[in-house]
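Take a look at the structure set out below.
Number of protein chains: 2
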Amino acid sequence: METLSVDLGERSYPIYIGSGLLDNLSGLIPKLAGKQVLVVTNSTIAPLYLDRVMAGLKGLQASSLILPDGEQFKTLDTLNQIFTALLERKHSRTTTLIALGGGVIGDITGFAAAAYQRGVDFIQIPTTLLSQVDSSVGGKTGVNHPLGKNMIGAFHQPKAVIADTDTLNTLPEREMSAGLAEVIKYGLIRDVAFLEWMEANMPSLVARDAQALTYAIKRSCEVKAEVVAADEREGGLRAILNLGHTFGHAIEAAQGYGKWLHGEAVGVGMVMAADLSSRLGFISEPDVARSRAIIAAAGLPVLGPSDMSVDTYLDKMAVDKKNVDARIRLVLLKSVGDAIVTAEFDQGMLRATLNDCTESA
Amino acid sequence: METLSVDLGERSYPIYIGSGLLDNLSGLIPKLAGKQVLVVTNSTIAPLYLDRVMAGLKGLQASSLILPDGEQFKTLDTLNQIFTALLERKHSRTTTLIALGGGVIGDITGFAAAAYQRGVDFIQIPTTLLSQVDSSVGGKTGVNHPLGKNMIGAFHQPKAVIADTDTLNTLPEREMSAGLAEVIKYGLIRDVAFLEWMEANMPSLVARDAQALTYAIKRSCEVKAEVVAADEREGGLRAILNLGHTFGHAIEAAQGYGKWLHGEAVGVGMVMAADLSSRLGFISEPDVARSRAIIAAAGLPVLGPSDMSVDTYLDKMAVDKKNVDARIRLVLLKSVGDAIVTAEFDQGMLRATLNDCTESA
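Right under this line is the structure:
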């Protein structure tokens, strides 16, 4: 087992990464504020792992809530189901929520913990690669709105994250690739040596080699933790973590949440960011090809959907959280392994990128 | 104009109290993060004051949203209307929300600001006595759930509070009395000299004498600010601000939100707290009579509704936020002007208090 400490002063917490952690939960759960625990999970994960988690909570007043599975349920209505369960079961403000599942479960459970009685504790047990490398660090929680993804939420840090790599063995192939998109992102924005390691080890990662995955998860969390520790409330540096996300969110919003996986959309978005970075003279065409190649090697799409027009992209991108006073801001690559955030780019170049990185109809 | 500074480090903010402030808004609004502003108000307040507020926001990209008036609309659904308006109007994370109205508007707008894009700025313009003395300080925001009041929310501090005493001239008599309940509370929990001042000046307050009101609002905010500064996240001392509230919330929840005003329920709740404090030997019977007298002098009820049983109280009180692991905790009076929080009281005495402080059927 690897242990990483996310250093945020009095809100610091550990991330445990490794094999067999679910069978040793009682040894990993931190001291709780009270005895009440609600495990929130979904209908896909519950039959696979819920019994083992509940067995690790003996001696506590633990119960569970099983939500429907899917990004389309990451809504205020589903959030309210958690509040209703907590209130019906008379949970006080010393309760602890445990999120058992992927990013959707983590985000919605974390936001429920942030808002229930104005804030209670929560623990993350991420069961997808995406959530293990992305949601484990940063404290971002929230739900979607029909007009925008993750537009409603809070910053709320977990008390601990327990990432059992064994849970990735039940992960569908598309979700595995989607998780790898975020892993690649950490290389592209901040760590060219990690990117080179991935270029050598992508076949092992795709084949779910446990040792390779453990290293990739740990290094991803480390890079994210470095960025977040420097900028907890997302004033500046942290925005680079959104490489590919503004483009990706536009694809997800236009196609309807759930059709494209988040990581798939981000994969295409990173190709778009690299393409625009090259048009602006930041990186070379071979750098763009290199970015596209590692994304393709992870089994991800590298072109946007054929039915999306340039204007649809621009319209959806206009509601992105990074924008200042309605002006589109993007994360671009100053070089491979070094990202920047800027609103200074030629609209014509952006339109050319969007056009060229879209699949032909 | 009186100015009070609420001292919370980098989240400190000013409270302006006085007459004619709405006509000088542009001089009082702090420097904003961006140019976008959404004024959230309700259908009662909009015809009275919205034009004057909008006139004070010249040069900004300001628009307004008018919600229905009433505690029954303090819900996740209404909250979502604010998010929809912000997204439809493409407000970015540098937007500022302005809450123009009473406690419901302040709480729901503050929570919308806390959760929109994980947190944007907001300014309070409270137009009721209750919100001027209660919601101005403390950073509590949130909405109700059918199973409990204020069970969903966040701590989110405003950038400024602008309390124009002229707005109290349009306040219905019941709401005026309800606001005075909170003013009385500050005397009972922490400032016996302020209670004595009220005993001498209650007729002036009820008659809405501007000078008396300005003093009462300022002193109330000062007492609350002292308590909150000592305990921003409500770990300990701050709980004394809930004197009468556990009982009061039970009345509001059982009667259906909106039938009893919050301050009316708190008025009865403070009588109940005084009564139980006397049964426990903390204060004398004359102290109980004194508490009851000042509450009655403010035009408030001193007995709970005749159709509420002791068991209904206990059931509703079981979901209070102050409870630890499902055990009821109450704010009681150690002496007049000195409150404590305790779970150590005889259940029989509590039942006797609830029974004796209820109106005969």
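For the protein sequence lines, the chains are A and B, in the order given.
Numbered by UniProt numbering, the letters in the first sequence go through residues 1 to 361 in order.
Numbered by UniProt numbering, the letters in the second sequence go through residues 1 to 361 in order.
Note that beta-carbon positions come from the ideal geometry of N, C-alpha and C, so glycine has one too.
If you're wondering where the values come from, they're calculated on a predicted model, not measured in any experiment.
Note down, in chain order, every chain A residue with its Cβ under 7 Å from the Cβ of residue i.
i, result
"residue 83(B)", "145, 151 and 152"
"residue 215(B)", "Those within 7 Å of residue 215(B) in chain A number zero; the least Cβ separation is about 31 Å."
"residue 87(B)", "145, 147, 148, 151 and 319"
"residue 80(B)", "76"
Measuring only between beta-carbons, confirm whether residue i sits less than 8 Å from chain B.
i, result
"residue 192(A)", "no"
"residue 218(A)", "no"
"residue 174(A)", "no"
"residue 142(A)", "yes"
For the alpha helix (DSSP H) containing residue i, list its first residue and its last residue.
i, result
"residue 355(A)", "347–356"
"residue 27(B)", "25–28"
"residue 55(B)", "51–55"
Checking the sheet assignment: what are the DSSP bridge partners for residue i?
i, result
"residue 338(A)", "335(A)"
"residue 63(B)", "38(B)"
Answer with yes or no whether the minimum CB distance from residue i to chain A is below 8 Å.
i, result
"residue 155(B)", "yes"
"residue 118(B)", "yes"
Need the endpoints of the beta strand (DSSP E) that residue i sits in, please.
i, result
"residue 4(B)", "2–6"
"residue 47(A)", "Unbroken run through residue 47(A): none, as it is neither H nor E."
"residue 17(B)", "13–18"
Please list the partners that residue i has in chain B, where partner means a Cβ-to-Cβ separation under 8 Å.
i, result
"residue 114(A)", "154"
- Enumerate, from N- to C-terminal direction, the unbroken alpha helix (DSSP H) stretches of 4 or more residues contained entirely within the UniProt domain "3-dehydroquinate synthase C-terminal" (179–323) of chain A. Within the UniProt domain "3-dehydroquinate synthase C-terminal" (179–323) of chain A, the complete alpha helix (DSSP H) runs of at least 4 residues fall at 192–206, 210–230, 245–255, 262–279, 285–297 and 310–317.
- Item | Whole beta strand (DSSP E) elements within the UniProt domain "3-dehydroquinate synthase N-terminal" (65–177) of chain B, 3-residue minimum | Whole beta strand (DSSP E) segments, 3+ residues: 96–101, 121–126, 140–145, 148–155 and 160–164.
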